[in-house]
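Participant: Here it is: the structure, laid out below.
2 protein chains.
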Amino acid sequence: MSDARQIDAPPNLTWQLDAVGRARREAIAGHRGAVVWLTGLSGAGKSTIARGVDAILAERGARSFVLDSENVRHGLSRDLGFSLDDRVEHIRRVTEVAKLFADAATILFVAAISPYRWMRRRARDVIGHDFLEIHVATPLEVCEAQDPRGLYRRARSGEIADFTGVSAPYEEPVDAELVLHPENESVEESVAKVIDFLDSFNILRPPLA
Amino acid sequence: MSDARQIDAPPNLTWQLDAVGRARREAIAGHRGAVVWLTGLSGAGKSTIARGVDAILAERGARSFVLDSENVRHGLSRDLGFSLDDRVEHIRRVTEVAKLFADAATILFVAAISPYRWMRRRARDVIGHDFLEIHVATPLEVCEAQDPRGLYRRARSGEIADFTGVSAPYEEPVDAELVLHPENESVEESVAKVIDFLDSFNILRPPLA
Chain A
3 MSDARQIDAP PNLTWQLDAV GRARREAIAG HRGAVVWLTG LSGAGKSTIA RGVDAILAER
63 GARSFVLDSE NVRHGLSRDL GFSLDDRVEH IRRVTEVAKL FADAATILFV AAISPYRWMR
123 RRARDVIGHD FLEIHVATPL EVCEAQDPRG LYRRARSGEI ADFTGVSAPY EEPVDAELVL
183 HPENESVEES VAKVIDFLDS FNILRPPLA
Chain B
3 MSDARQIDAP PNLTWQLDAV GRARREAIAG HRGAVVWLTG LSGAGKSTIA RGVDAILAER
63 GARSFVLDSE NVRHGLSRDL GFSLDDRVEH IRRVTEVAKL FADAATILFV AAISPYRWMR
123 RRARDVIGHD FLEIHVATPL EVCEAQDPRG LYRRARSGEI ADFTGVSAPY EEPVDAELVL
183 HPENESVEES VAKVIDFLDS FNILRPPLA
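Residue numbers (this note's numbering), protein chains in the order written: chain A, 3 to 211; chain B, 3 to 211.
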């Protein structure tokens with residue numbers, strides 16, 4: 003394990019080109035690849051809406067999938083905790099995986115609280131023009147009143163520290179491509195709005211040849 | 003950043019179910035999801051063969067993609083070096099990402115030297131029955147004679163340390179599902195063997211309902 007190898011390592015890495023190519027993959031899939039990033043408070047409905055849209059797109063034959071931040075913590079991010087550094091690294095990994103799915107011409111939904119603007123800005127910078135941000139803007143009082151998993155109760159009692167919206171900040175998006183208000187509509191209505199939104203961004207059709 | 007949160011964190015994580023389900027995704031895709039793991043020396047032809055198979059499957063409309071170990075080092079693993087610990091973590095991340103693609107009903111090809119048996123065994127254990135191992139068994143002397151990137155020359159001169167096959171071991175698979183000998187055949191022949199192989203494992207058709 004010499005230092006020479008550590009120094010020499012990066013130049014040995016050669017980028018292997020995708021033989022099929024992104025545009026061809028999208029033409030075959032019949033739609034574009036994209037990363038649809040749903041941000042919002044715990045219990046806002048991010049995952050529920052993402053799964054509803056995914057189910058509709060999947061049944062239409064689209065290549066779609068949901069990357070749930072919490073599920074990733076059971077696998078790829080299982081070595082990470084909840085310190086700020088670890089949260090940043092977790093979101094970085096989610097971002098890189100999402101980008102790979104978009105390269106594979108998949109419409110990839112990320113459901114992640116991702117509470118800081120700079121955190122989501124990094125994801126947008128890495129993913130580029132494939133990144134679409136949806137703010138699932140259910141108000142704190144609604145999320146807290148429902149609290150199906152009892153997390154807000156535990157956060158208020160101090161049993162859980164640094165809980166977004168209670169003892170840690172949530173920075174609302176200022177540049178989200180879509181804002182949803184699940185507190186005023188059914189899940190089906192929110193899902194339909196996301197489908198219309200994707201259509202308006204030309205995601206649901208192949209790229210122009 | 004209290005200890006209480008670190009301790010409490012895991013129980014807050016709830017696994018979010020895939021609303022569509024793996025079997026339904028595969029039925030819609032018309033084929034199974036799988037991780038096809040190509041192992042072998044540097045320059046053995048892993049990536050070339052993987053990309054050849056991917057191109058054929060993609061043109062057939064299959065959901066396939068290549069995860070090239072070296073490309074992942076430009077993104078998801080950009081924070082990792084080449085110490086043994088970092089190599090293990092890199093392969094762990096590749097494994098977890100590959101598993102996600104298989105869950106999305108993608109035929110995912112991993113091209114990775116992955117020189118140790120225990121390293122590939124871990125990948126097989128995590129991915130389970132979706133894991134298919136292909137040994138791209140081009141002999142060292144052939145890889146070294148071709149050496150298009152000059153890596154073997156630099157490894158022999160000591161400029162690159164711990165280079166697999168030269169100054170670091172490569173443990174040949176004992177339980178690979180397929181062994182290829184690219185030194186005795188064309189790329190097209192190797193690619194055709196992988197297609198036949200996938201067919202024989204029923205990967206290229208939807209699961210029985």
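We treat Cβ as the ideally placed atom computed from N, Cα and C, and that holds for glycine.
Treat the numbers as computed from the prediction; the structure is a model and nothing was measured.
Strictly below 8 angstroms CB to CB, what residues from chain B border I30 (chain A)?
Facilitator: Translated into positions along the first sequence, residue 30 (chain A) becomes position 28. What I30 (chain A) touches in chain B: A60, E61 and G63.
Participant: Report the three-state DSSP secondary structure of S85 (chain B) (helix, strand or coil).
Facilitator: The residue given as residue 85 (chain B) occupies position 83 in the second sequence. In the structure shown, S85 (chain B) sits in coil (DSSP, three-state: anything other than H, G, I, E or B).
Participant: If you scan the segment 45-101 of chain B from start to end, which runs of the beta strand (DSSP E) of 3 or more residues do you find wholly inside it?
Facilitator: Fully enclosed beta strand (DSSP E) runs of 3 or longer: 66-70.
Participant: Kindly provide the ranges of any beta strand (DSSP E) runs that are 3 or more residues long and lie completely inside the segment 149-184 of chain A, ordered along the chain.
Facilitator: Entirely contained in the segment 149-184 of chain A, the beta strand (DSSP E) runs reaching 3 residues are, in chain order, 180-182.
Participant: When you compare only the Cα positions, how much space is there between R24 (chain B) and V193 (chain A)?
Facilitator: For the purposes of this step, residue 24 (chain B) is taken as residue 22 along the second sequence, with counting starting at 1. For the purposes of this step, residue 193 (chain A) is taken as residue 191 along the first sequence, with counting starting at 1. The straight-line gap from Cα to Cα measures roughly 21 angstroms.
Participant: Can you tell me whether V37 (chain A) is helix, strand or coil according to DSSP?
Facilitator: Taking the first residue of the first sequence as position 1, residue 37 (chain A) is located at position 35. Reduced to three states, the DSSP call for V37 (chain A) is strand.
Participant: Please list, in chain order, the residues of the segment 33-60 of chain A that have any C-beta partner in chain B closer than 8 angstroms.
Facilitator: Answer in chain order: S49, R53, G54, D56, A57 and A60.
Participant: Beta-carbon within less than 6 angstroms of I162 (chain A)'s beta-carbon, same chain only, minus the 5 sequence neighbours each way: which residues are those?
Facilitator: Along the first sequence, one-based indexing puts residue 162 (chain A) at 160. Cβ within range, chain order: R156.
Participant: Taking DSSP's pairing of strands, which residues face V112 (chain A) in a bridge?
Facilitator: Position 110 of the first sequence holds residue 112 (chain A). Answer is A:W39 and A:L69.
Participant: For a contact defined as C-beta to C-beta under 7 angstroms, what are the partners of D70 (chain B) on chain A?
Facilitator: As a first step, residue 70 (chain B) must be located in the second sequence, where it is residue number 68. In chain order: Q18.
Participant: Using 9 angstroms as the limit for Cβ to Cβ distance, is L206 (chain B) near chain A?
Facilitator: Here residue 206 (chain B) refers to the residue found at position 204 when the second sequence is read from its first residue. No - not a single Cβ of chain A is within 9 angstroms of the one on L206 (chain B).
Participant: Rounded to whole angstroms, what is the Cα-Cα separation between V74 (chain A) and E143 (chain B)?
Facilitator: Counted from its first residue, the first sequence places residue 74 (chain A) at position 72. Counted from its first residue, the second sequence places residue 143 (chain B) at position 141. The straight-line gap from Cα to Cα measures roughly 41 angstroms.
Participant: Which residue marks the beginning of the alpha helix (DSSP H) containing V22 (chain A), and which one marks its end?
Facilitator: What you label residue 22 (chain A) is simply residue 20 of the first sequence in a count that begins at 1. Premise fails: V22 (chain A) is in no alpha helix (DSSP H) and is neither H nor E.
Participant: Could you confirm whether any beta carbon from chain B is found closer than 9 angstroms to the beta carbon of A21 (chain A)?
Facilitator: In the first sequence, counting from the first residue as 1, residue 21 (chain A) sits at position 19. Yes, its Cβ sits closer than 9 angstroms to a Cβ of chain B.
Participant: My understanding is that G35 (chain A) touches D105 (chain A), with C-beta atoms under 8 angstroms, so please give their C-beta distance in whole angstroms.
Facilitator: Walking along the first sequence from the start, residue 35 (chain A) turns up at place 33. Walking along the first sequence from the start, residue 105 (chain A) turns up at place 103. Between D105 (chain A) and G35 (chain A) the Cβ distance is about 6 angstroms, and since that is below 8 angstroms, they are a contact.
Participant: Got a sec: which bits of the segment 139-150 of chain A sit with their beta carbon under 7 angstroms from any beta carbon on chain B, in order along the chain?
Facilitator: Taking 7 angstroms as the Cβ-Cβ cut-off against chain B, none of the residues of the segment 139-150 of chain A qualify.
Participant: Can you tell me whether E187 (chain B) is helix, strand or coil according to DSSP?
Facilitator: To locate residue 187 (chain B), count along the second sequence from 1; it is residue 185. Three-state result, E187 (chain B): coil.
Participant: Work out the CA separation of S85 (chain B) and M3 (chain A) for me, nearest whole Å.
Facilitator: Start at 1 with the first residue of the first sequence, and residue 3 (chain A) comes out as number 1. Start at 1 with the first residue of the second sequence, and residue 85 (chain B) comes out as number 83. Summary for M3 (chain A): the model assigns pLDDT 33, below 50, so the residue's position carries little reliability; its value from the coordinates is reported in the next sentence. Using only the alpha carbons, I get a separation of about 6 angstroms.
Participant: Which residues bound the alpha helix (DSSP H) around I129 (chain B)?
Facilitator: On the second sequence, residue 129 (chain B) is found 127 positions in, with the first residue counted as 1. Unbroken alpha helix (DSSP H) run through I129 (chain B): R119 to I129.
Participant: Within the same chain, show all residues whose beta-carbon is closer than 7 angstroms to that of F203 (chain A), passing over the 5 residues directly before and after it, in chain order.
Facilitator: The residue you call residue 203 (chain A) lines up with position 201 of the first sequence. L134.
Participant: Assuming F103 (chain B) and L40 (chain B) form a contact by the criterion Cβ under 8 angstroms, report the distance between their Cβ atoms to the nearest whole angstrom.
Facilitator: Stepping through the second sequence from its first residue, residue 103 (chain B) is reached at position 101. Stepping through the second sequence from its first residue, residue 40 (chain B) is reached at position 38. With a Cβ gap of about 15 angstroms, F103 (chain B) and L40 (chain B) do not count as contacting.
Participant: From the beta carbon of A106 (chain A), is the nearest beta carbon of chain B less than 9 angstroms away?
Facilitator: Taking the first sequence and counting its residues from 1, one reaches residue 106 (chain A) at position 104. A106 (chain A) counts as touching chain B.
Participant: Leaving out five residues before and five after A31 (chain B) in sequence, what residues of the same chain have Cβ atoms less than 6 angstroms from its Cβ?
Facilitator: Working through the second sequence from its first residue, we reach residue 31 (chain B) at position 29. The answer, listed in chain order, is R65 and A107.
Participant: Would you verify that the beta carbon of R124 (chain B) is, or is not, closer than 9 angstroms to some beta carbon of chain A?
Facilitator: As a position in the second sequence, residue 124 (chain B) is number 122, starting the count at 1. So no, R124 (chain B) is outside the interface.
Participant: Residues of chain B with CB under 7 angstroms from E98 (chain A), in chain order?
Facilitator: For this step, residue 98 (chain A) is matched to residue 96 along the first sequence. Going along chain B in sequence order, the residues near E98 (chain A) (Cβ under 7 angstroms) are G77 and L78.
Participant: For R126 (chain A), which residues from the same chain have a beta carbon less than 6 angstroms from its beta carbon, with the 5 sequence-adjacent residues on both sides left out?
Facilitator: As a first step, residue 126 (chain A) is located in the first sequence; it is residue number 124 there, counting from the start. Within the same chain, R126 (chain A) has close Cβ partners F133.
Participant: I want to see whether chain A comes within less than 9 angstroms of L134 (chain B), judged by CB atoms only; does it?
Facilitator: In the second sequence, residue 134 (chain B) corresponds to position 132, counting from 1. No, its Cβ sits nowhere closer than 9 angstroms to a Cβ of chain A.
Participant: To the nearest angstrom, how far is it from the Cα of A178 (chain B) to the Cα of I136 (chain B)?
Facilitator: For the purposes of this step, residue 178 (chain B) is taken as the residue at position 176 of the second sequence. For the purposes of this step, residue 136 (chain B) is taken as the residue at position 134 of the second sequence. C-alpha separation (whole angstroms): 6 angstroms.
Participant: Give the straight-line distance between the Cα atoms of R207 (chain B) and C145 (chain A), rounded to the nearest whole angstrom.
Facilitator: The residue given as residue 207 (chain B) occupies position 205 in the second sequence. The residue given as residue 145 (chain A) occupies position 143 in the first sequence. Cα to Cα, the separation comes out at about 43 angstroms.
Participant: To which residues does DSSP link I136 (chain B) through a beta bridge?
Facilitator: As a position in the second sequence, residue 136 (chain B) is number 134, starting the count at 1. Answer is B:L40 and B:L180, bridged to I136 (chain B).
Participant: Run through DSSP, which three-state label would I205 (chain A) get?
Facilitator: As a working note, residue 205 (chain A) is residue 203 in the first sequence. Three-state DSSP puts I205 (chain A) in coil, outside helix and strand.
Participant: Cβ of E191 (chain B) less than 9 angstroms from any chain A Cβ?
Facilitator: Your numbering for residue 191 (chain B) matches position 189 in the second sequence. For E191 (chain B), the answer is no, since every Cβ of chain A falls outside 9 angstroms of its Cβ.
Participant: Exposed or buried, D201 (chain A), counting other C-beta atoms within 10 Å across all chains shown (16 or more means buried)?
Facilitator: Here the question's residue 201 (chain A) lines up with position 199 in the first sequence. Exposed is the call here.
Participant: Excluding the five sequence neighbours on either side, which residues of its own chain have a C-beta within less than 6 angstroms of the C-beta of M121 (chain B), listed in chain order?
Facilitator: Translated into the one-based positions of the second sequence, residue 121 (chain B) becomes position 119. If we look at M121 (chain B) and ignore the five residues flanking it on each side, its Cβ neighbours are I93.
Participant: Could you check if L180 (chain A) belongs to the surroundings of the ligand GTP, using beta carbon to heavy atom distance under 8 angstroms?
Facilitator: What this structure holds is no ligand at all, so the ligand GTP is not there to describe.
Participant: Mind checking if L214 (chain A) is an interface residue toward chain B, Cβ cutoff 9 angstroms exclusive?
Facilitator: No answer is possible for residue 214 (chain A): the residues shown for chain A start at 3 and end at 211.
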